[in-house]
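Residue numbers (UniProt numbering): 1 to 99.
C-beta atoms are modelled at their ideal positions from N, C-alpha and C, and glycine is treated no differently.
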Amino acid sequence: PMFADVANAHAWLEAAQALAMRAVVAPCPAHVPHLAPIVTLSDRVTRILALNPSALTLRGTNTYLVGTGRERALIDCGEGRAEYDALLLQAMRERGVER
1 PMFADVANAH AWLEAAQALA MRAVVAPCPA HVPHLAPIVT LSDRVTRILA
51 LNPSALTLRG TNTYLVGTGR ERALIDCGEG RAEYDALLLQ AMRERGVER
């Protein structure tokens with residue numbers, strides 16, 4: 001509880017910085033090859049694009065579902081865009097992941 005206000009302030013600061021960066025960062029360069037939004041890299045790793053293309057992230061942040069079974073780790077969860085959330089849920093459903 002003591003650190004809840006600090007955590008909330010940090011979250012707001014990160015959100016404000018992300019919005020500011022979106023205003024000044026150029027779009028993804030046209031010559032960058034297309035990537036499939038969901039790709040199984042191995043039996044333990046699935047890559048999901050965070051759908052936030054820019055000059056910094058190119059086609060988008062690579063996020064990863066790692067592990068096997070119904071529970072897996074999500075590495076680098078992107079920016080929280082609604083389109084990404086739907087894509088992540090799709091990847092999880094297709095692989096039988098509950099959480």
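query                                                                                                           : result
Per-residue DSSP class, three states only, for N8                                                               : helix
C-beta contact flag for residue 101 and T61 at 8 Å                                                              : The requested residue 101 is not part of the displayed model; the chain covers only 1 to 99.
Length of the line joining the Cα atoms of P33 and L49                                                          : 13 Å
Nearest to residue 128 (by Cα), restricted to the options R99, A15, E14 and V24                                 : Absent from the model: residue 128. The displayed extent of the chain is 1 to 99, so no value can be given.
Simplified DSSP assignment, three categories, for A73                                                           : strand
Short Cβ contact (8 Å threshold) for V39 with V66                                                               : no
Close-in-space but distant-in-sequence residues of the same chain around V41 (CB under 6 Å, 5 per side omitted) : Position check: residue 41 holds Leu in this sequence, whereas Val was assumed. Closer than 6 Å at Cβ, skipping near neighbours: R47.
For L65, three-class secondary structure by DSSP                                                                : strand
CB-CB length for E71 against E94, believed under 8 Å                                                            : Incorrect: roughly 16 Å between the Cβ atoms, too far for contact.
Proximity of L89 and R59 at Cβ, strictly below 8 Å                                                              : no
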